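Heads up: the structure comes next, in C-alpha cells.
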Amino acid sequence: GSALVDKQIEPPVIAVAKDGSSVVPLLGGHHGANALARKIAIAIGAHAAITTASDLRLGIALDVPPTGWRVKDMAAVKGVTAALLGGAKAKIENEAGIDAAWLAPIAGDGPHPNILISNCADAEADLVYRPANLVLGIGCERRADPAEVSALAKRCLQEAGLCPQSVACVASIALKAAEPAILALAAELGVPARFFSAAELERETPRLKNPSDIVFAETGCHGVAEGAALAVVGPQGALVVSKVRSERATCAIGWAPGVIDATKVGRPRGRLDIVGIGPGTAAGRTAEVDLALRRATDLVGYKLYLDLLGPLANNKRLHGYELGAEEARVRVALELAAEGREVALVCSGDAGIYAMATLVYELIDRGGNADWARVEIRGLPGVSAMQVAAARIGAPLGHDFCAISLSDLLTPWPAIEKRLKAAAEGDFVVAFYNPVSQRRRSQLQAAKEMLLRHRPGATPVVLARNLGRDGETVSVVSLEALDIDAVDMLTLVIVGSSDTRSVERPDGGVWIYTPRGYASKVMEQAS
C-alpha cells in the first residue's frame, strides 16, 4: 500500500485484455510500465494503450531518460514538461559533447525551457541531464578505510568540478574484488563496481600518466587506478584526472565520449549463493531461495535437484552432475562465480547440513584459487529432511536432539560409533541421515543396539521415506521392533529419547512429540 502513495516509487502494474487485444499500464508508467507494455504488445501482437501525456504528445518522458542518463533535479521536470506540453520547444545545450539524439523530439530554438547536458558540478539550467560517462579508477591497500577512499574520490571529483551523478562505475583490479572500501564506494554512489585482470590493466600501460614499477611488482600491472579508468573508457576515452594519492589509496577519473554501459566493461565481483531447496517442491522452498534462483545466471547441482526446480531453471545456464561428483560441482560453481557470474549451488534440504556448503569453504581453505575467496558467498537455509519428517509426524525434535550420518564413506566408523555412544548416553533424540546403502547394512543395526542399551525398547522411531516427493511415507515403529530391511537410502530415521511420547490420532494414526517441560512449569506455577 505504501508504494502507491508516492508517484516516484510506485511499481509498474500492467493489465492485459482477456482477448489479448490491448496492454494497459495501470501504474508506474514512467517506472517501466510503459516500456514493458510496449514489449508485451509486440510479443503478442496487441495494442499498447499508453496514456501518459508526455509519452503521447512529446514522444519522450523527461523524468525517465535512457539508460546511462540521470536527472540532476527531478523537481524541475514538472515545470519543463508543462512548458513543452503548452507548445514551447526546448533549447538544448550540450556542454558534455555526448550524443543526445533522444532529446530531438523536443529540441527547438528556445530560449525557454533551457535544457543543459553537463558533467559539471555547478551546471545550472531549467533542466539538467547528467550523462554517465565518467569512471572512478580506484587502487588501495588491503583493508583501507572506506571513509578514506570515499573522501579521496569526492575530492578528485570536486577539484575537477565534476558531478558524482555522471559516474557510471567504480573500477579496479580483480585482486581488489572483495575490498570493502571499493565496494562501499560503489554502493555509496549507487553504481556498479567492475574489475579487470592484471593482464587487462597492463595493456593500458602506454596510456598511463604515472606508471609505477613498484605497482607492477605488487600487482602485475603498472597502474591500477589509471589503468582501470582507461580500461573502462576505451581507446576513444581519456583521463581527466590522473592518479591522486591519499595515505592508503589512489584515484583517477576517466572520461568516455559516450555513456558507459558498465555491464559491458570488466566483470562484476561475482556471487555464489549456496541454496537449500528443502524437500524439492516449490512450497518447501523459502522465498529467499526462490529470489536467489531467479537472479542467478548459472545453476550448479545434482541433475535431479535441478530438475526439481521446474520453471525456475528456465533461461539459465545449467551445470548438472551425476550423484557423487560433489567436488566437481563445487569447483565449477566457484570458478563461474570468480568469472563474475551469479551462481546458485543447488542442494536438497539445507545446504549446510550434510551437503555442499561445507565443501565450498573447505576448497577455499585449501587455497586452490585465490579468486574463489574474493567471490561474494551467501548461504541460504532450506528445510532439512529431519525438519520435514518431524513436522509430518508431530514434534519429535521438541527437545534436545542431534543428527548423525551413518555413512562411513567420508567418516571412519570408529568416529561415528563414538558419537553414537555419546548420543545414547546423553539421551538425545537422534536423526539418522544416510542410515543404509546397498552395500552398507550393518551400521543402523549397530546404532539400534547402542541406543537400546540406554532407552526403552518402546521408544518411538519415525521412518520417513521420499520426503516431499511422490510416494512419500511416514510411519512409526518401536525401537526394539525396528526392521533394518524396512529402511533404504531414501529413508530418514528419527529415534526418540526416553521422554518421547506417542499420541493416538482420531484417524488411527499417531503423533510423536518430545516434551520440553512446559507441563511441569505450569504445575509449579499453579502450586
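Residue numbers (my numbering): 16 to 542. Ideal placement from N, C-alpha and C gives every residue a C-beta, glycine not left out. Owing to the predicted nature of the structure, the values given are computational and were not obtained by experimental measurement.
Return the chain-ordered list of same chain residues with a C-beta closer than 8 Å to the C-beta of LEU467, the five sequence neighbours on each side being excluded. If you number the sequence shown from 1, residue 467 lands on position 452. Counting only Cβ-Cβ distances below 8 Å, and skipping sequence neighbours, we find LEU494, GLU495.
Count the other CB atoms, across all protein chains shown, that sit within 10 Å of the CB of GLY16; report buried if there are 16 or more and exposed otherwise. Sequence index remark: in the sequence shown, residue 16 carries index 1 (1-based). Only weak support is given to the placement of GLY16: the predicted model assigns it a pLDDT of 49, under 50, and the value that follows is read from those uncertain coordinates. Counting Cβ neighbours within 10 Å, GLY16 comes out exposed, since fewer than 16 surround it.
Hey, out of LEU319, LEU198, ARG389, GLU219, whose CA is closest to GLY249's CA? Stepping through the sequence shown from its first residue, residue 249 is reached at position 234. The shortest Cα separation from GLY249 among LEU319, LEU198, ARG389, GLU219 belongs to GLU219.
Could you give the residue range of the beta strand (DSSP E) that holds VAL143? The count along the sequence shown starts at 1 and reaches residue 143 at position 128. Annotation: the continuous beta strand (DSSP E) that includes VAL143 extends over 142–146.
Quick check: the segment 294–311 against the segment 167–180, are there 3 or more CB pairs under 8 Å? The segment 294–311 makes no contact with the segment 167–180, as fewer than three CB pairs between them are under 8 Å.
Quick check: the Cα distance between PRO120 and THR96, rounded to an integer number of angstroms? As a position in the sequence shown, residue 120 is number 105, starting the count at 1. As a position in the sequence shown, residue 96 is number 81, starting the count at 1. If you take the alpha carbons of PRO120 and THR96, they lie about 13 Å apart.
Provide the residue span of the alpha helix (DSSP H) that contains ASP380, from first to last. To locate residue 380, count along the sequence shown from 1; it is residue 365. That run of the alpha helix (DSSP H) goes 372–381.
Per DSSP, what kind of secondary structure is GLU357 in: helix, strand or coil? By one-based count along the sequence shown, residue 357 stands at place 342. Here GLU357 carries a strand assignment [DSSP, helix/strand/coil].
Inter-residue spacing [alpha-carbon to alpha-carbon] between ALA246 and SER133: In the sequence shown, residue 246 corresponds to position 231, counting from 1. In the sequence shown, residue 133 corresponds to position 118, counting from 1. Linking ALA246 to SER133 through their CA atoms gives a straight-line distance of about 23 Å.
Could you check how far apart the C-beta atoms of VAL143 and LEU131 are, in whole angstroms? I think they sit under 8 Å. As a working note, residue 143 is residue 128 in the sequence shown. As a working note, residue 131 is residue 116 in the sequence shown. Here VAL143 really is in contact with LEU131; their C-beta atoms are around 5 Å apart, less than 8 Å.
Kindly list the residues whose CB is nearer than 6 Å to the CB of HIS334, restricted to its own chain and excluding five residues on each side of it in sequence; keep chain order. By 1-based counting over the sequence shown, the position of residue 334 is 319. Only VAL315, VAL347 meet the Cβ criterion.
8 Å contact criterion, which ILE153 and LEU198 should meet: CB distance rounded: Walking along the sequence shown from the start, residue 153 turns up at place 138. Walking along the sequence shown from the start, residue 198 turns up at place 183. About 10 Å; that fails the 8 Å criterion.
Which of the three DSSP states, helix, strand or coil, is assigned to VAL290? As a first step, residue 290 must be located in the sequence shown, where it is residue number 275. If DSSP states are grouped into helix, strand and coil, VAL290 belongs with the strands.
What's the C-alpha gap between PRO471 and ASP442? The residue given as residue 471 occupies position 456 in the sequence shown. The residue given as residue 442 occupies position 427 in the sequence shown. Spanning the two alpha carbons is a distance of roughly 11 Å.
On the three-state DSSP scale, how would you describe ILE130? As a working note, residue 130 is residue 115 in the sequence shown. Shown here, ILE130 sits in a strand according to DSSP, grouped into three states.
From ALA103, ALA58, ALA189, residue whose alpha carbon lies closest to that of ALA353: Locating residue 353 in the sequence shown gives position 338, counting from the first residue. ALA189 is the residue among ALA103, ALA58, ALA189 whose C-alpha sits nearest the C-alpha of ALA353.
What separation, rounded to the nearest whole angstrom, lies between the Cα atoms of ALA58 and ALA359? By 1-based counting over the sequence shown, the position of residue 58 is 43. By 1-based counting over the sequence shown, the position of residue 359 is 344. Going by the C-alpha atoms only, they are around 30 Å apart.
8 Å contact criterion, which GLN183 and VAL206 should meet: CB distance rounded: By 1-based counting over the sequence shown, the position of residue 183 is 168. By 1-based counting over the sequence shown, the position of residue 206 is 191. Per the sequence shown, residue 183 should be read as Ala rather than Gln. Right, their Cβ atoms sit about 6 Å apart.
Among residues of its own chain, excluding the 5 on either side of GLN180, which ones have a beta-carbon nearer than 6 Å to its beta-carbon? Counting from 1 along the sequence shown, the entry for residue 180 is found at position 165. Within the same chain, GLN180 has close Cβ partners ARG85, ARG145.
Nearest by alpha-carbon distance to ASP124: which of GLN251, LYS106, ASP498, TYR336 is it? In the sequence shown, counting from the first residue as 1, residue 124 sits at position 109. If we check each option's Cα against that of ASP124, LYS106 comes out closest.
Span of the alpha helix (DSSP H) around SER231: Residue 231 sits at position 216 when you count from the first residue of the sequence shown. Note on residue identity: the sequence assigns Phe, not Ser, to residue 231. Per DSSP, PHE231 belongs to the alpha helix (DSSP H) from 228–234.
Between PRO396 and ILE527, how many whole angstroms is the CB-CB distance? I'm expecting something under 8 Å. As a first step, residue 396 is located in the sequence shown; it is residue number 381 there, counting from the start. As a first step, residue 527 is located in the sequence shown; it is residue number 512 there, counting from the start. With a Cβ gap of about 24 Å, PRO396 and ILE527 do not count as contacting.
With a 10 Å radius around its C-beta and 16 neighbouring C-beta atoms as the bar for buried, classify GLY238 as buried or exposed. The residue labelled residue 238 in the question sits at position 223 within the sequence shown. In the assembly as shown, GLY238 is a buried residue. Its beta-carbon has 16 or more other beta-carbons within 10 Å.
Check the C-beta distance from ASP365 over to SER399 and give it rounded, since I have them as a contact under 8 Å. On the sequence shown, position 350 is the one that residue 365 refers to. On the sequence shown, position 384 is the one that residue 399 refers to. The Cβ separation is near 4 Å, so the contact holds.
By the 10 Å Cβ neighbour count, where 16 or more other Cβ atoms means buried, how is LEU177 classified, buried or exposed? Sequence index remark: in the sequence shown, residue 177 carries index 162 (1-based). Result: buried.
Return the first residue and the last residue of the beta strand (DSSP E) that ASP305 is part of. Working through the sequence shown from its first residue, we reach residue 305 at position 290. Looking at the DSSP string, ASP305 is not in any beta strand (DSSP E); the run it does join, the alpha helix (DSSP H), is 302–310.
Is it true that the segment 257–267 meets the segment 223–239, where meeting means three or more beta-carbon pairs spaced less than 8 Å apart? The segment 257–267 vs the segment 223–239: in contact.
Run through the segment 149–187 for me and flag every whole beta strand (DSSP E) of 3 or more residues, listed as ranges in chain order. Within the segment 149–187, the complete beta strand (DSSP E) runs of at least 3 residues fall at 149–155.
Cβ neighbours of VAL537 in the same chain (closer than 6 Å, five flanking residues each side left out): Residue numbering aside, residue 537 sits at position 522 when the sequence shown is read from its first letter. Caution is warranted here: a pLDDT of 49 is assigned to VAL537, below 50, making its placement in the model unreliable, and no coordinate value can be reported.
Does GLY16 come out as helix, strand or coil in the three-state DSSP assignment? Start at 1 with the first residue of the sequence shown, and residue 16 comes out as number 1. Because GLY16 sits at a pLDDT of 49, beneath the cut-off of 50, its placement in the model cannot be relied upon, and the point is left open.
When burial is assigned at 16 or more other CB atoms within 10 Å of the CB, is VAL518 buried or exposed? By one-based count along the sequence shown, residue 518 stands at place 503. If you draw a 10 Å sphere on the C-beta of VAL518, you find fewer than 16 other C-beta atoms in it, and that means exposed.
Whole runs of the alpha helix (DSSP H) within the segment 365–434, excluding any shorter than 4 residues: Counting whole runs of 4 or more residues, the segment 365–434 contains the alpha helix (DSSP H) stretches 372–381, 385–388, 400–408.
Which residues in the same chain have their Cβ closer than 6 Å to the Cβ of ALA32, if we skip the five residues on either side of it in sequence? Mapped onto the sequence shown, residue 32 falls at position 17. Counting only residues of its own chain and dropping the five nearest sequence neighbours on each side, ALA32 has no CB closer than 6 Å to any other CB.
SER36 to ALA48, Cα distance in whole Å? Here residue 36 refers to the residue found at position 21 when the sequence shown is read from its first residue. Here residue 48 refers to the residue found at position 33 when the sequence shown is read from its first residue. Taking the straight line from one Cα to the other gives about 17 Å.
Cβ-Cβ distance between LEU351 and ASP313 below 8 Å: As a position in the sequence shown, residue 351 is number 336, starting the count at 1. As a position in the sequence shown, residue 313 is number 298, starting the count at 1. Annotated as proximal: LEU351 and ASP313, with beta-carbon spacing under 8 Å.
Taking the CB atoms as reference points, tell me whether TYR320 and VAL361 lie closer together than 8 Å. As a first step, residue 320 is located in the sequence shown; it is residue number 305 there, counting from the start. As a first step, residue 361 is located in the sequence shown; it is residue number 346 there, counting from the start. At the C-beta level, TYR320 and VAL361 come within 8 Å of one another.
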